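Numbered by numbering that gives the first Met the number 0, the letters in the sequence shown go through residues 0 to 74 in order.
Heads up, the beta-carbon is just placed ideally off N, CA and C, and yes, glycines get one too.
Everything numeric in this text was worked out from a predicted model, so none of it was measured.
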Amino acid sequence: MSPVPVSVKVLCLTLTEAQRFGLIPADLGKDETLEGDADRRQFVIRTLWDIVRNSNQAKPRADALDMLKQLGAMT
């Protein structure tokens, strides 16, 4: 069997666009709680700090620091 070429296309979509295309359920956040939101926020902040500490590339570190500033996680 010979390999079959595969084409991959990457689309940048907003949440609204993805929901319109049926890729994400329209009621995605209907059961959200404040506690769950806070847990996800802390997970994101921990992940961004891990990137700052462990990435050996300048661009991901700079992007992570910028996001941490935007989230108010840096003083």
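Asked: Helix, strand or coil: how does DSSP classify Gln69 here?; Found: helix
Asked: Which residues bound the alpha helix (DSSP H) around Phe42?; Found: 33-53
Asked: Quick one: grab the DSSP three-state call for Leu22.; Found: coil
Asked: Between the alpha carbons of Thr46 and Arg19, how many angstroms are there, rounded?; Found: 29 Å
Asked: Kindly give me the distance between the Cβ atoms of Leu64 and Val51, rounded to whole angstroms, as I take these residues to be in contact under 8 Å.; Found: 6 Å
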